[in-house]
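A short worksheet on the structure shown next.
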Amino acid sequence: MKPVNKGIRLVHFIVDMMIILIIVRILEVVRIPLDERIIMLIVFLLYYFTMESITGQTVGKMITKAMVVDSHKSKPGTLRILVRTILRLNPFDAYSYLFGLDIGAHDSLSKTWIVKKT
């Protein structure tokens, strides 16, 4: 399977970040007594981990009919998704796309790929 291209990955990122930001704003309106950055971190981690471990997709991936797979072309296990989610926190992860790679550092290090759902 060929990984989806950077343009599709950008769509995933934009859609998913919009959803995360909406959730963060809702939590701020209901006055969760935490710093906005902590709320953002918690929502970010829970969103990606929950969505990808249960469905193999985030909302952004659902829109483009893409999914996360492992080297066996199957939905990755919970531990692999946890590793993938934590690796997203690496501030240099986004730079992996700038150097001509269609696969992010969090994909490469967790041995996962984003492919078109068949």
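1 is the number of the first residue of the sequence shown in this note's numbering; add one for each residue after it.
Note that the Cβ used here is the ideal one computed from N, Cα and C, for glycine as well.
Item: Which of the three DSSP states is assigned to Met67 in this structure?; Value: strand
Item: For Val115, which three-state DSSP category applies?; Value: strand
Item: Out of Trp113, Phe99 and Val30, which one is the CA nearest neighbour of His72?; Value: Trp113
Item: Within its chain, find whatever has a CB closer than 6 Å to the CB of Met51; leave out the 5 residues flanking it on each side and keep chain order.; Value: Thr58
Item: Among residues of its own chain, excluding the 5 on either side of Leu87, which ones have a beta-carbon nearer than 8 Å to its beta-carbon?; Value: Asp93, Ala105, His106, Leu109 and Ser110
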